[in-house]
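K.L.:
For reference, the structure I am asking about is given below.
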Amino acid sequence: MADGAASRSDVILDVSGLKTVFRTRGGEVHAVNDVSFDLRPGELLGVVGESGSGKSVTMMSLLGLLPQPPAEIRAGTVMFGGQDLLKTPDRDLRHIRGARIGFVFQDPMTSLNPVFTVGYQLREPLRKHMGLSNKAAQDRAFELLELVGIPDARRRLSDYPHQFSGGMRQRVMIAIALACDPQILIADEPTTALDVTIQAQILDLMAELRERLKMAVIWITHDLGVIAGIADRVLVMYGGQVVEQAPVHELFTAPKHPYTQALLTTIPHIRGARADKLTVIEGQPPILSAAPAACSFAARCPVAFGRCKQENPPRFPVAPDHDAACFLLTEEPAHA
Amino acid sequence: MPDGSPPPLVSVQNLKMHFPIHAGLIRRRVGEVKAVDGVSFDIAEGETLGLVGESGCGKSTCGRAILRLYDPTEGEIRIDGTDIASLNHKDLRAKRPVMQMVFQDPQASLNPRMTVEAIIAEPLDEHTSMTTAEKREKVRELMDAVGLNRAFAGRYPHAFSGGQRQRIGIARALALNPKFIVCDEPIAALDVSIQAQVVNLLEDLQRQFGLTYLFISHDLSMVRHIATRVAVMYLGKIVEIAPREALYEAPKHPYTQALLSAVPEPDPAFRTARTILQGDVPSPANPPQGCNFCTRCPQVIDICHKTEPAMRELAPGQFAACHLYNETSDHAEAPEAQQEQLEVQ
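Those sequence lines, one after another, are chains A and B. Just so we're aligned, residue 1 is where the first sequence starts under the numbering used here, counting upward by one. Just so we're aligned, residue 1001 is where the second sequence starts under the numbering used here, counting upward by one.
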């Protein structure tokens, strides 16, 4: 919900009304329901949500990475560089994915090819998308490994993925994603499989790379701690929908959606006061077998009222860049 | 570990669990992975000891060895007065009801072909002579205790969500009225909003049944919540063990300090400088000479590369194995460690 047409020119990726459905033998799964957001140059947009909230499927949909069928993109537009990615033919999309939008996945072991050297996998996008010669690609590959802080980079180009540790593999993945100077980097839980001390190294590297390369980043995670540390703006997803969007400080100091509020109180802290009992969000996340006819959080919401169970709330603006999908935020407060 | 109090329920002395490495054509033994290498601690009755560390540090192996799911290489494990490490199989089996385990992955630790009732009743079949009706009743009591709907006793594990499956695993662990439960990453596979439900359940059950836990986790924030004392492991050894408050507020070992500072705080106001450790954990098949942490320690001194530091008590109940606190060594080093911690906060 990018407010106003004035800010349009300042947006490099504009997703609106995205709907993705999976057809399975057990019926349909409405994984992404009317998701809209934008991405601005140089910013880091954090996307948080629990498993099944639709955060990964959203990103996979907009890059055309979902096999169709079983997936089906029912509606929406994804504007990037003047074209709608959802209408872009596969061949062009492959080029965009390789060269202009980089992607880093959660598990670096399964996303690197074990039978090719790291150097080969780094050179591949450089030759394919940038038309570099073998020699030039080799030099650039070396530069990239240096950039992501891999010691002894020249020699390690001829190593295979299994010869790298988890943290180093994730650095290699980042190097591949950055190979063609993308405008956008999408990182899907890039530190979830890593230990905390290694996660700290990767977060540190990311901050440094953003500073140097000035690219826009979408960072998907379930870890609010990571989001607090790196994001500029945050989308909170629940039940396949964006339930809140806010600048990072506002999200943590003045969350508006009851789900965001509950999520922030349910996690224990490592510093500061220690609660005797953890606050619990009762119940289970929704099963997305149909398009939502009511607020997807209503069943677990401590402040839900009649209307929440009859209608699905749209996102109501509360401040610049801050909106939340909750009827409690409507102009005329409903009789609770 | 105060003296004069009743003996601890669990007492582990110098526990070692080494796995052989075989290589070559004739599978000759060429070395060993020192997964757990000389671990000692006590757990008092009713207490929760948190065991934290990064993957591969040996915390899960330690938990399994304590319950004799592995045969330890060396060491003594006293649980409720009996040395578990040296028991023969028959006596060990008789001892099983006292000590139980909750596993990390409720998907993998529940038999998909058994109903919930059969899963929870299995320990009763094995270890008690209850009648079918008694077992039925006991299973339903256990389901109540862990917050599962009795009506679902006939369903199979796949019909339940992750959090509910973990409740089934907990009910099974409780079936024989154990005194001691090893919880091996019981919440790691669960979503944030479900984690709190399971942790609160574990705490309620502890109060209700007077349970003693060894809570193994890599989630330092959750351990701060649930544990009364915390042990930090690195490369098969405990580097620091302390009461919760002391460990989180004034960690002594440089590894504990770095580990705590690496945990991202869910508060954007905390975007402060962290201690970032360089490099990776060395292989437990080939640990460094001297202190295990010397290859990554930001405050490493000469002696660390030569001699392994001994555990010493640095504050009441707070033990750490670090040369920076040697009486003989330069005292200027220790305050520096404190300084860094303040900066982090």
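Glycine residues also receive a C-beta, built at the ideal position from the N, C-alpha and C atoms. No experiment lies behind these values; they were computed from the predicted model shown.
So for Glu-1340(B), helix, strand or coil by DSSP?
P.N.:
Here residue 1340(B) corresponds to residue number 340 of the second sequence, with the count starting at 1. A caution first: Glu-1340(B) carries a pLDDT of 45, below 50, which makes its placement in the model too unreliable to give a value.
K.L.:
Could you check where the alpha helix (DSSP H) with Pro-302(A) kicks off and where it finishes?
P.N.:
Looking up residue 302(A) in the first sequence gives position 302. First-last for Pro-302(A): undefined, no H or E at that position.
K.L.:
Might you give, ordered along the chain, the residues of its own chain that have their beta carbon closer than 8 angstroms to the beta carbon of His-1158(B), omitting 5 neighbours on each side?
P.N.:
Along the second sequence, read from residue 1 onward, the residue named residue 1158(B) stands at position 158. So the qualifying residues of the chain are Pro-1112.
K.L.:
Which chain A residues are close to Met-1130(B), counting only those with a beta carbon under 7 angstroms from its beta carbon?
P.N.:
In the second sequence, counting from the first residue as 1, residue 1130(B) sits at position 130. In chain order: nothing, as chain A lies at least about 33 angstroms away.
K.L.:
So what does DSSP say about His-1022(B), is it helix, strand or coil?
P.N.:
Against the second sequence, residue 1022(B) aligns to sequence position 22. His-1022(B) falls in the strand class under three-state DSSP.
K.L.:
Does the region 149-165 of chain A come within contact of the region 114-122 of chain A, defined as at least 3 CB pairs closer than 8 angstroms?
P.N.:
With a cut-off of 8 angstroms, the region 114-122 of chain A and the region 149-165 of chain A count as touching, because enough Cβ pairs lie within range.
K.L.:
For a contact meaning CB atoms closer than 7 angstroms, what does Pro-268(A) contact in chain B?
P.N.:
Counted from its first residue, the first sequence places residue 268(A) at position 268. In chain order: Ser-1221, Met-1222, Arg-1224 and His-1225.
K.L.:
Please work out which residues of its chain come closer than 6 angstroms, Cβ to Cβ, to Thr-260(A), disregarding the five sequence neighbours upstream and downstream, and give them in chain order.
P.N.:
Looking up residue 260(A) in the first sequence gives position 260. Within the same chain, Thr-260(A) has close Cβ partners Val-236 and Glu-244.
K.L.:
Note down, in chain order, each residue of its chain lying with its Cβ closer than 8 angstroms to the Cβ of Ala-1337(B), except the 5 sequence neighbours on either side.
P.N.:
Start at 1 with the first residue of the second sequence, and residue 1337(B) comes out as number 337. With a pLDDT of 46 at Ala-1337(B), under the threshold of 50, the predicted position of this residue should be treated as unreliable, and no value is reported.
K.L.:
Which residues in chain B sit within 9 angstroms of Glu-50(A), going by Cβ to Cβ distance?
P.N.:
Here residue 50(A) corresponds to residue number 50 of the first sequence, with the count starting at 1. Near Glu-50(A) (Cβ distances below 9 angstroms), the residues of chain B are Asp-1191, Val-1192, Ser-1193 and Ile-1194.
K.L.:
Check whether the Cβ atoms of Val-256(A) and Cys-326(A) sit closer than 9 angstroms, and answer yes or no.
P.N.:
Along the first sequence, read from residue 1 onward, the residue named residue 256(A) stands at position 256. Along the first sequence, read from residue 1 onward, the residue named residue 326(A) stands at position 326. A quick correction: the sequence has Lys, not Val, at residue 256(A). Taking 9 angstroms as the Cβ cut-off, Lys-256(A) and Cys-326(A) qualify as a contacting pair.
K.L.:
Report back the beta-carbon spacing between Gln-106(A) and Asp-188(A) to the nearest angstrom; my notes put them in contact at under 8 angstroms.
P.N.:
Looking up residue 106(A) in the first sequence gives position 106. Looking up residue 188(A) in the first sequence gives position 188. Going by Cβ atoms, the distance from Gln-106(A) to Asp-188(A) rounds to 6 angstroms, so yes, they are a contact pair.
K.L.:
Going by DSSP, which residues form a beta bridge with Ala-1175(B)?
P.N.:
As a first step, residue 1175(B) must be located in the second sequence, where it is residue number 175. Looking at the DSSP assignment, Ala-1175(B) forms no beta bridge with any residue, so it has no partner.
K.L.:
Spatial neighbours of Glu-43(A) within its chain, please: C-beta separation below 8 angstroms, excluding the five flanking residues on both sides.
P.N.:
Position 43 of the first sequence, counted from the first residue, corresponds to residue 43(A). These residues qualify, in order along the chain: Ala-216, Val-217, Asp-232 and Arg-233.
K.L.:
Would you identify the three-state DSSP class for Ser-1329(B), choosing helix, strand or coil?
P.N.:
Locating residue 1329(B) in the second sequence gives position 329, where the first residue counts as 1. Low local confidence applies: a pLDDT of 47 at Ser-1329(B) is under 50, so the model's placement there is unreliable, with the coordinate-based value given in what follows. Residue state, collapsed to three classes: coil.
K.L.:
Restricting to runs no shorter than 4 residues, where is the alpha helix (DSSP H) found entirely within the region 1251-1297 of chain B?
P.N.:
Whole alpha helix (DSSP H) segments, 4+ residues: 1254-1262.
K.L.:
Could you tell me the distance, in whole angstroms, from the CA atom of Leu-203(A) to the CA atom of Glu-1141(B)?
P.N.:
In the first sequence, the residue the question calls residue 203(A) occupies position 203. In the second sequence, the residue the question calls residue 1141(B) occupies position 141. Their backbone Cα atoms lie some 47 angstroms apart in a straight line.
K.L.:
Where does Val-1116(B) sit, in a helix, a strand or coil, going by DSSP?
P.N.:
For the purposes of this step, residue 1116(B) is identified with residue 116 of the second sequence, where counting begins at 1. The answer is helix: DSSP assigns Val-1116(B) an H, G or I state.
K.L.:
Name the chain B residues that come within less than 8 angstroms of Val-248(A), Cβ to Cβ?
P.N.:
Indexing the first sequence from 1 puts residue 248(A) at position 248. Going along chain B in sequence order, the residues near Val-248(A) (Cβ under 8 angstroms) are Pro-1268.
K.L.:
So with Cβ pairs under 9 angstroms, would you call Val-115(A) a contact of chain B?
P.N.:
Numbered from 1 along the first sequence, position 115 holds the residue referred to as residue 115(A). No, its Cβ sits nowhere closer than 9 angstroms to a Cβ of chain B.
K.L.:
Anything in the region 275-296 of chain A with a Cβ closer than 8 angstroms to a Cβ of chain B? List those residues in chain order, please.
P.N.:
Flagged, chain order: Ala-275, Lys-277, Leu-278, Thr-279, Val-280, Ile-281, Glu-282, Gln-284 and Pro-285.
K.L.:
Report the three-state DSSP secondary structure of Asn-1200(B) (helix, strand or coil).
P.N.:
Sequence index remark: in the second sequence, residue 1200(B) carries index 200 (1-based). Helix at Asn-1200(B).
K.L.:
Around the C-beta of Val-1116(B), are 16 or more other C-beta atoms found within 10 angstroms, so that it is buried, or is it exposed?
P.N.:
Within the second sequence, numbered from 1, the residue matching residue 1116(B) stands at position 116. Burial call: buried.
K.L.:
Are Val-248(A) and Gly-46(A) touching if we call contact CB-CB under 9 angstroms?
P.N.:
Translated into positions along the first sequence, residue 248(A) becomes position 248. Translated into positions along the first sequence, residue 46(A) becomes position 46. Yes, these two residues count as a Cβ contact at 9 angstroms.
K.L.:
Please tell me whether Ser-1040(B) and Ile-1238(B) are closer than 9 angstroms, where the distance is taken between their beta carbons.
P.N.:
Residue 1040(B) sits at position 40 when you count from the first residue of the second sequence. Residue 1238(B) sits at position 238 when you count from the first residue of the second sequence. Result yes, Cβ atoms of Ser-1040(B) and Ile-1238(B) sit closer than 9 angstroms.
K.L.:
So with Cβ pairs under 9 angstroms, would you call Met-79(A) a contact of chain B?
P.N.:
Numbered from its first residue, the first sequence carries residue 79(A) at position 79. False, the Cβ-Cβ gap to chain B never drops below 9 angstroms.
K.L.:
Would DSSP call Gln-1195(B) helix, strand or coil?
P.N.:
One-based indexing of the second sequence puts residue 1195(B) at position 195. Correct three-state label for Gln-1195(B): helix.
K.L.:
Enumerate in chain order the residues of its own chain whose CB-to-CB distance from Gln-310(A) is below 7 angstroms, with the five nearest sequence positions on each side excluded.
P.N.:
Sequence index remark: in the first sequence, residue 310(A) carries index 310 (1-based). Here the set comprises Ala-294.
K.L.:
When the Cα atoms are used, what is the spatial distance from His-95(A) to Thr-88(A)?
P.N.:
Start at 1 with the first residue of the first sequence, and residue 95(A) comes out as number 95. Start at 1 with the first residue of the first sequence, and residue 88(A) comes out as number 88. Roughly 11 angstroms between the two C-alpha positions.
K.L.:
Just to make sure I have the definition right: I need the residues of chain A whose C-beta is within less than 7 angstroms of the C-beta of Val-1102(B). Which are they?
P.N.:
Position 102 of the second sequence, counted from the start, is the residue given in the question as residue 1102(B). Within chain A, no residue comes near Val-1102(B); the closest Cβ sits about 18 angstroms away, beyond 7 angstroms.
K.L.:
Output the boundary residues of the beta strand (DSSP E) element that contains Phe-1347(B).
P.N.:
In the structure as shown, chain B starts at 1001 and stops at 1345, and residue 1347(B) therefore has no counterpart that could be examined.
K.L.:
Nearer than 8 angstroms: is that true of the beta carbon of Leu-1124(B) relative to any heavy atom of the ligand SAM?
P.N.:
As presented, the structure is devoid of all ligands, the ligand SAM included, so that no description of it is given.
K.L.:
Since I believe Val-48(A) is in contact with Ile-227(A) (beta carbons under 8 angstroms), could you give me their beta-carbon distance rounded to a whole number of angstroms?
P.N.:
Residue numbering aside, residue 227(A) sits at position 227 when the first sequence is read from its first letter. Residue numbering aside, residue 48(A) sits at position 48 when the first sequence is read from its first letter. Sure, about 5 angstroms apart at Cβ, within 8 angstroms.
K.L.:
Mind reading off the beta-carbon distance from Leu-1049(B) to His-1127(B)? Whole number of angstroms is fine, and I expect it under 8 angstroms.
P.N.:
As a first step, residue 1049(B) must be located in the second sequence, where it is residue number 49. As a first step, residue 1127(B) must be located in the second sequence, where it is residue number 127. With 8 angstroms as the limit, Leu-1049(B) and His-1127(B) do not qualify as a contact, their Cβ atoms being about 26 angstroms apart.
K.L.:
Just the Cα atoms here: how many angstroms apart are Gly-1210(B) and Asn-1014(B)?
P.N.:
Looking up residue 1210(B) in the second sequence gives position 210. Looking up residue 1014(B) in the second sequence gives position 14. Each residue's alpha carbon lies about 27 angstroms from the other.
K.L.:
Which of the three DSSP states, helix, strand or coil, is assigned to Val-57(A)?
P.N.:
In the first sequence, counting from the first residue as 1, residue 57(A) sits at position 57. Note: Val-57(A) maps to helix in three-state DSSP.
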